[in-house]
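Sequential numbering from 1 applies to the sequence shown in UniProt numbering.
We put the beta carbon where it would ideally sit given N, CA and C, even for glycine.
Okay, structure first, notes after.
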Amino acid sequence: MPSTRPKPSGSTARAQQTLAFGPNSNKVTKPSLPAASKKKSSLTPTDSERLQKAVADISTPSPAPEDEYPPLPEQQLESPRALAIRGQGAAKVEDVKSEAEEKGGKVSDAQVKRYWKGKEDERIAPRVHQRGLNVNEKILRHFDLSSQYGPCIGIPRMKRWKRAENLGLKPPVEVLAVLLKEEKSGNGKAERAFMEGLLTSRLAANE
Numbered sequence: 001m002p003s004t005r006p007k008p009s010g011s012t013a014r015a016q017q018t019l020a021f022g023p024n025s026n027k028v029t030k031p032s033l034p035a036a037s038k039k040k041s042s043l044t045p046t047d048s049e050r051l052q053k054a055v056a057d058i059s060t061p062s063p064a065p066e067d068e069y070p071p072l073p074e075q076q077l078e079s080p081r082a083l084a085i086r087g088q089g090a091a092k093v094e095d096v097k098s099e100a101e102e103k104g105g106k107v108s109d110a111q112v113k114r115y116w117k118g119k120e121d122e123r124i125a126p127r128v129h130q131r132g133l134n135v136n137e138k139i140l141r142h143f144d145l146s147s148q149y150g151p152c153i154g155i156p157r158m159k160r161w162k163r164a165e166n167l168g169l170k171p172p173v174e175v176l177a178v179l180l181k182e183e184k185s186g187n188g189k190a191e192r193a194f195m196e197g198l199l200t201s202r203l204a205a206n207e
């Protein structure tokens, strides 16, 4: 009696792949799956209203309150106490300047000459290149070359002397006396260092 083979069920047959013979032998057919149903998305009236409101908020931002950004320190008004302290400091500086100028105005010509004679006695040889200069100009040029009081170029001699005095460097009061006398006589060139004049003239000649 011939044996019977069990027939595959319908679901198995549908899931099994089939081979195609003929000109399209390389093509393998697969069982097609049922296409998923596409859901149509639709915005409800509530969602559309929220979207419109969000767009409106982004396009027209609300202005920030003024208190959120405090004014800069430069824009803030100083208190009366700060103004008073500043005024006291300025008055103190003016007192120091006036005291130094008063002290320099009391220096006599004899004291200025004694000061310069002491500087000449410290040297081994006389200053031959300064024979045609007066005592005041010699003292000022010597002050220009005294590096312990800071650079002499780019700053007036009077301001340089006062700066050295405020720093406690004790510049010679005879120099201040000479500057005050030159200022009273109307010699504006005395405020400028001789070295600065040389550099400026050479730069002008090169141009």
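Just to confirm, is the Cβ distance from residue 111 to residue 182 under 9 Å? Your numbering for residue 111 matches position 111 in the sequence shown. Your numbering for residue 182 matches position 182 in the sequence shown. Cβ atoms of residue 111 and residue 182: not closer than 9 Å.
Locate the alpha helix (DSSP H) running through residue 142, then write down its first and last residues. On the sequence shown, residue 142 is found 142 positions in, with the first residue counted as 1. Here the alpha helix (DSSP H) through residue 142 covers 135-144.
Give a yes or no on whether the C-beta atoms belonging to residue 122 and residue 154 are separated by under 9 Å. Here the question's residue 122 lines up with position 122 in the sequence shown. Here the question's residue 154 lines up with position 154 in the sequence shown. Not a contact, by the Cβ cut-off of 9 Å.
Short Cβ contact (9 Å threshold) for residue 157 with residue 144: Your numbering for residue 157 matches position 157 in the sequence shown. Your numbering for residue 144 matches position 144 in the sequence shown. Closer than 9 Å, so yes.
Taking C-beta to C-beta, are residue 180 and residue 191 nearer than 9 Å? By one-based count along the sequence shown, residue 180 stands at place 180. By one-based count along the sequence shown, residue 191 stands at place 191. The answer is no: Cβ separation not under 9 Å.
Cβ neighbours of residue 130 in the same chain (closer than 6 Å, five flanking residues each side left out): Taking the first residue of the sequence shown as position 1, residue 130 is located at position 130. Excluding positions up to five away in sequence, the list reads 138.
Close Cβ partners of residue 150 (< 7 Å) along its chain, the five nearest in sequence each way excluded: Here residue 150 refers to the residue found at position 150 when the sequence shown is read from its first residue. Excluding sequence neighbours, residue 150 sits near 160, 163, 164.
Alpha carbon of residue 147 to alpha carbon of residue 134, nearest angstrom: As a first step, residue 147 must be located in the sequence shown, where it is residue number 147. As a first step, residue 134 must be located in the sequence shown, where it is residue number 134. Cα to Cα, residue 147 sits roughly 22 Å from residue 134.
Measure the C-alpha to C-alpha separation of residue 99 and residue 117 and round it to an integer number of angstroms. Looking up residue 99 in the sequence shown gives position 99. Looking up residue 117 in the sequence shown gives position 117. Distance between the alpha carbons of residue 99 and residue 117: 26 Å.
For the ligand COA, I want to know if residue 106 counts as a neighbour, meaning its beta carbon is within less than 8 Å of at least one of the ligand's heavy atoms. The model depicted lacks the ligand COA and carries no ligand whatsoever.
CA-CA distance, residue 185 and residue 105? Residue numbering aside, residue 185 sits at position 185 when the sequence shown is read from its first letter. Residue numbering aside, residue 105 sits at position 105 when the sequence shown is read from its first letter. Approximately 13 Å between the Cα atoms of the pair.
Given this structure, state the Cα-to-Cα distance separating residue 189 from residue 125, to the nearest angstrom. Looking up residue 189 in the sequence shown gives position 189. Looking up residue 125 in the sequence shown gives position 125. Their backbone Cα atoms lie some 29 Å apart in a straight line.
Would you kindly check if the distance between the Cβ of residue 171 and the Cβ of residue 115 is under 9 Å? Within the sequence shown, the letter at position 115 stands for residue 115. Within the sequence shown, the letter at position 171 stands for residue 171. No, these two residues do not count as a Cβ contact at 9 Å.
CB contact check: residue 179 to chain C, cutoff 9 Å: The structure shown has no chain C; it contains just one protein chain.
Tell me which same chain residues have a C-beta within less than 7 Å of the C-beta of residue 194, skipping the five on either side of it? The count along the sequence shown starts at 1 and reaches residue 194 at position 194. Once the five neighbours on either side are set aside, the close Cβ partners of residue 194 are 141, 144.
Within 9 Å, strictly: CB atoms of residue 177 and residue 107: The count along the sequence shown starts at 1 and reaches residue 177 at position 177. The count along the sequence shown starts at 1 and reaches residue 107 at position 107. Yes.
Judging by CA-CA distance, which residue of 103, 132, 102, 136 is the nearest neighbour of residue 109? Locating residue 109 in the sequence shown gives position 109, counting from the first residue. For residue 109, the nearest C-alpha among the options comes from 136.
For residue 107, does the three-state DSSP call read helix, strand or coil? Working through the sequence shown from its first residue, we reach residue 107 at position 107. DSSP places residue 107 in coil when its eight states are reduced to three.
Could you have a look at residue 157 and say whether DSSP puts it in helix, strand or coil? Taking the first residue of the sequence shown as 1, we reach residue 157 at position 157. Three-state DSSP puts residue 157 in a helix.
For residue 170, three-class secondary structure by DSSP: The sequence position of residue 170 within the sequence shown is 170, counting from 1. Reduced to three states, the DSSP call for residue 170 is coil.
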